[in-house]
């Protein structure tokens with residue numbers, strides 16, 4: 005974008021006031037974004053927890069995942085953890101197999117997940133997962149996004165040590181999810197500290213105080229920022245308001261020592277981010293069915 009265009013964008017934005025976004029408005033943005041995506045991509049989201057307990061009822065492993073059902077056809081495995089005392093006993097493989105079973109039951113075509121260079125990339129690759137994005141962090145570690153197409157002809161991995169089979173994978177609760185997250189956080193702290201996060205939930209309102217555009221973002225100080233959602237009311241699009249909100253989020257990230265900002269997009273909105281300097285770092289073909297989705301980044 006050349007300077008004159010950016011100047012025009014700022015002049016348009018000056019007609020509006022930047023304010024904090026309310027929870028109700030954040031929910032409104034989520035609903036409106038669901039209306040924007042192609043009709044066949046609309047989906048229901050369900051979060052579930054799986055756990056494994058030992059003989060004493062202690063949680064020794066588990067996962068948290070989100071299923072985007074129907075046409076989205078995607079399961080995201082956000083967290084998988086096994087207690088250090090019980091690793092290499094096949095428990096992680098049991099959890100993976102159950103996640104994939106549930107994913108197939110719900111009609112999901114793929115399972116995606118994230119891991120890091122100090123974590124379990126080889127473990128997932130043994131189970132048929134493939135890297136589709138990499139990201140080198142300022143601390144030297146690399147994060148990866150992986151995907152497995154459930155309709156692919158992938159041989160099932162059988163661990164050498166299956167002694168963990170004496171335990172069962174069970175459905176868990178919110179309190180079980182807390183225990184699983186605490187387990188993975190404790191493990192990760194040995195490699196990466198917990199980064200301070202700053203939320204950037206902002207809106208533009210007109211002279212009468214009416215909502216016209218909003219952005220939901222997070223900035224992890226010194227690491228990266230993330231654009232979760234961005235929406236502009238239809239009559240006011242193509243006037244630079246979305247770009248203005250992007251720039252404000254990027255400005256906050258830069259002020260907090262963050263070298264890059266990330267986001268996700270589909271083939272129905274990726275051009276907006278490309279025009280604003282975002283580059284592709286990964287692509288999922290035909291996910292959801294008939295469409296492609298992308299992970300993008302921008303150095304700031």
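Residue numbers (my numbering): 5 to 304. Even for Gly, the Cβ is constructed at its ideal location relative to N, Cα and C.
**Request:** List the endpoints of the continuous alpha helix (DSSP H) containing residue 125.
**Result:** 125-130
**Asked** When you compare each of 141, 170, 111 to residue 98 by their alpha carbons, which one comes out closest?
**Response** 170
**Prompt:** What do you get for residue 195, buried or exposed, if any count of 16 or more other CB atoms within 10 angstroms of its CB means buried?
**Reply:** exposed
**Asked** Of the residues 111, 78, 301, which one's Cα is nearest the Cα of residue 230?
**Response** 301
**Message:** On the CB-based measure, 16 or more other CB atoms within 10 Å of its CB, does residue 6 come out buried or exposed?
**Reply:** With a pLDDT of 37 at residue 6, under the threshold of 50, the modelled position of this residue cannot be trusted, and the question is left open.
**Item:** Three-state class that DSSP yields for residue 241 in the structure shown
**Value:** coil
**Prompt:** Looking at the structure shown, is residue 64 part of a helix, part of a strand, or coil, going by DSSP?
**Reply:** strand
**Prompt:** Where are the alpha helix (DSSP H) runs, 4 residues long or more, that stay fully inside the stretch 92-146, in chain order?
**Reply:** 95-109, 125-130
**Item:** Unbroken alpha helix (DSSP H) run spanning residue 30, endpoints
**Value:** 27-40
**Asked** Which first and last residues belong to the beta strand (DSSP E) in which residue 301 is found?
**Response** 297-303
**Request:** Just mark residue 116 as buried or exposed, buried being the case when its beta carbon has 16 or more other beta carbons within 10 Å.
**Result:** buried
**Asked** Where does the unbroken alpha helix (DSSP H) through residue 274 begin, and where does it stop?
**Response** 274-279
**Request:** Name the residue from 277, 126, 294, 219 whose alpha carbon lies nearest to the alpha carbon of residue 31.
**Result:** 219
**Request:** Kindly provide the ranges of any alpha helix (DSSP H) runs that are 4 or more residues long and lie completely inside the stretch 156-228, ordered along the chain.
**Result:** 178-193
**Prompt:** I think residue 150 touches residue 136, with their Cβ atoms under 8 Å apart; what is that distance to the nearest whole Å?
**Reply:** 7 Å
**Message:** When you compare the CB positions of residue 130 and residue 161, do they come within less than 7 Å of one another, or not?
**Reply:** yes
**Euclidean distance between Cα positions of residue 83 and residue 239** = 40 Å
**Prompt:** What is the rounded straight-line gap between the Cα of residue 66 and the Cα of residue 156?
**Reply:** 25 Å
**Item:** Start and end residues, beta strand (DSSP E) containing residue 286
**Value:** 283-288
**Message:** If you measure between the beta carbons of residue 56 and residue 68, is that distance less than 7 Å?
**Reply:** no
**Request:** Measure from the alpha carbon of residue 259 to the alpha carbon of each residue in 249, 232, 226, then state which is nearest.
**Result:** 226
**Prompt:** Can you tell me whether residue 77 is buried or exposed, with buried defined as 16 or more other CB within 10 angstroms of its CB?
**Reply:** buried
**Asked** With which residues is residue 246 paired in a DSSP beta bridge?
**Response** None, per the DSSP bridge assignment.
**Message:** So, under 8 Å CB-CB, residue 216 and residue 209 are touching, yes? Tell me the CB distance rounded to an integer number of Å.
**Reply:** 6 Å
**Message:** Please report the distance separating the alpha-carbon of residue 85 from that of residue 118.
**Reply:** 13 Å
**Message:** Give me the residue from 159, 198, 176 with the minimum Cα distance to residue 61.
**Reply:** 176
**Prompt:** Quick one: what does DSSP say residue 252 is sitting in, helix, strand or coil?
**Reply:** helix
**Message:** Going by the DSSP bridge assignment, what does residue 56 pair with across the sheet?
**Reply:** 65, 173
**Asked** Since residue 173 and residue 54 are thought to touch, with beta carbons under 8 Å apart, how far apart are those beta carbons, to the nearest angstrom?
**Response** 5 Å
**Request:** Starting from residue 257, follow its DSSP beta bridges and name the residues at the other end.
**Result:** Beta-bridge pairing links residue 257 to no other residue.
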